[in-house]
Amino acid sequence: MKGLIVAAGYGTRFLPVTKTIPKEMLPLIDKPSIAFIVEEFIASGIDEILIITSRRKKMLDDFFDREIELEGVFEAEGNELKAAKIKPYDAKFFFVRQQEMMGTGHALMQARPMLDGAPFVVAYPDDLHFGEKPLAGQLIEKYNETGCSVMATIHNPPNLERYGILKLAADNLHVTDIVEKPEPGTAPSCEASIGRYLYTPELFNYLEEGWEKHSGGEYYHTYALNKLMSKGKVVYKETEGERLDTGAPSGYLRAILKYAKQDPELAAVMREELSSL
Ligand code: G1P
Numbered sequence: 001m002k003g004l005i006v007a008a009g010y011g012t013r014f015l016p017v018t019k020t021i022p023k024e025m026l027p028l029i030d031k032p033s034i035a036f037i038v039e040e041f042i043a044s045g046i047d048e049i050l051i052i053t054s055r056r057k058k059m060l061d062d063f064f065d066r067e068i069e070l071e072g073v074f075e076a077e078g079n080e081l082k083a084a085k086i087k088p089y090d091a092k093f094f095f096v097r098q099q100e101m102m103g104t105g106h107a108l109m110q111a112r113p114m115l116d117g118a119p120f121v122v123a124y125p126d127d128l129h130f131g132e133k134p135l136a137g138q139l140i141e142k143y144n145e146t147g148c149s150v151m152a153t154i155h156n157p158p159n160l161e162r163y164g165i166l167k168l169a170a171d172n173l174h175v176t177d178i179v180e181k182p183e184p185g186t187a188p189s190c191e192a193s194i195g196r197y198l199y200t201p202e203l204f205n206y207l208e209e210g211w212e213k214h215s216g217g218e219y220y221h222t223y224a225l226n227k228l229m230s231k232g233k234v235v236y237k238e239t240e241g242e243r244l245d246t247g248a249p250s251g252y253l254r255a256i257l258k259y260a261k262q263d264p265e266l267a268a269v270m271r272e273e274l275s276s277l
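The opening position of the sequence shown corresponds to residue 1 in UniProt numbering, with each subsequent residue numbered one higher.
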């Protein structure tokens, strides 16, 4: 199983910092948000990770590379703690650039040569998962049980109308449709799609079929997903653990607070600051 992170977007909700720093490198204190996804993948047994980037994102390649100079400095100092912090992840990284911002469907198509022939997990970098069981691993487990593509969901979040909501088959497992951002009161279920998917390679055939019919503008993966759904080949998995949406400043702040409170020193600072609110 390979992992794919779709990280080509502009990150406009975080301007001006994202003029030069990729959104995926914005840290929770000391760790870039994309590293949480990489750790989730590795904990799920995924050791080949493909990242779809774009022009402004060279920093991502560097982050996942070795830092030989610092390694030398820490080795000479005998500083094992610092050495451990810069140790590269135990996975192979591949990068492919999306040359034009043409939507998620188009981004996924860039990955075909490296992913074709095997199922793979896709992560949107705005969705972080905290919990005992890594989310990608939960999807892999569901795939192993069903042989189907799997969509991760959260159950009945506030503001259902901000999500893609799944329509479910009578077996309460297969997904028959997805309604993007339904009007209040019209959601077809309480299962809201989040940014983790496991796709079987069949997806690429439908992505290309849809691309041929596509008449310009951004191209999403909705056509391909609908095709898989109509053939009864998509199931859902309700996320165990906590999902954090770092796609906008408020969710990003919440993720920082959740992460920081695990450290007693930072938790003490938070208590102090929050008591004056
Ligand atoms: C995307 C998906 C949507 C999903 C959401 C989760 O929407 O299209 O189905 O519910 O991510 O964060 P976006 O938030 O990019 O508008």
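Here a beta-carbon is modelled for each residue, glycine too, at the ideal position from N, C-alpha and C.
ask   = For the beta strand (DSSP E) that residue 195 lies in, which residues bound it at each end?
value = Taking the first residue of the sequence shown as 1, we reach residue 195 at position 195. From DSSP, the beta strand (DSSP E) with residue 195 extends over 191 to 199.
message = In the DSSP output, what is residue 168 paired with across the bridge?
response = Walking along the sequence shown from the start, residue 168 turns up at place 168. Under DSSP, residue 168 takes part in a beta bridge, and its partners are 175.
request  = Verify the contact flag: residue 242, CB atom, against every heavy atom of the ligand G1P, threshold strictly below 7 Å.
outcome  = Locating residue 242 in the sequence shown gives position 242, counting from the first residue. Remark: the C-beta of residue 242 is outside contact range of the ligand G1P, defined as less than 7 Å to any heavy atom.
message = Using only CA atoms, which one of 127, 214, 227 lies nearest to residue 148?
response = Walking along the sequence shown from the start, residue 148 turns up at place 148. Comparing alpha-carbon positions, the option among 127, 214, 227 lying closest to residue 148 turns out to be 227.
request  = Use the C-beta contact count for residue 241: other C-beta atoms within 10 angstroms, 16 or more gives buried, fewer gives exposed.
outcome  = Against the sequence shown, residue 241 aligns to sequence position 241. Residue 241 is exposed by the Cβ-count criterion.
query = Within 10 angstroms of its Cβ, does residue 1 collect 16 or more other Cβ (buried), or is it exposed?
reply = Within the sequence shown, numbered from 1, the residue matching residue 1 stands at position 1. Burial call: buried.
request  = Could you work out which residue in 75, 116, 180 is closest to residue 83 when comparing CA atoms only?
outcome  = Within the sequence shown, the letter at position 83 stands for residue 83. Answer by Cα proximity: 75.
task = Could you say if the region 245 to 256 and the region 104 to 123 meet the contact criterion of at least three C-beta pairs nearer than 8 Å?
result = No, because fewer than three Cβ pairs between the region 245 to 256 and the region 104 to 123 fall closer than 8 Å, the two stretches do not touch.
inquiry  = Measuring straight from C-alpha to C-alpha, what distance separates residue 244 and residue 214?
reply    = Position 244 of the sequence shown, counted from the start, is the residue given in the question as residue 244. Position 214 of the sequence shown, counted from the start, is the residue given in the question as residue 214. Residue 244 and residue 214 have their C-alpha atoms roughly 33 Å apart.
query = Can you find a heavy atom of the ligand G1P that lies under 7 Å from the Cβ of residue 215?
reply = Indexing the sequence shown from 1 puts residue 215 at position 215. For the ligand G1P, not one heavy atom lies less than 7 Å from the Cβ of residue 215.
inquiry  = Tell me the rounded alpha-carbon separation between residue 57 and residue 194.
reply    = Reading the sequence shown from its first residue, position 57 is the one you call residue 57. Reading the sequence shown from its first residue, position 194 is the one you call residue 194. C-alpha of residue 57 to C-alpha of residue 194: approximately 24 Å in a straight line.
message = Closest to residue 28 by C-alpha separation, out of 275, 260, 276, would be which residue?
response = Walking along the sequence shown from the start, residue 28 turns up at place 28. For the residues 275, 260, 276, the minimum Cα distance to residue 28 belongs to 260.
ask   = Short check: CB of residue 229 to CB of residue 179, under 8 Å?
value = Mapped onto the sequence shown, residue 229 falls at position 229. Mapped onto the sequence shown, residue 179 falls at position 179. The answer is no: Cβ separation not under 8 Å.
ask   = Are at least three pairs of beta-carbons, each pair with one atom in the region 89 to 109 and one in the region 37 to 55, less than 8 Å apart?
value = In short, these stretches touch, since the Cβ pair count reaches three.
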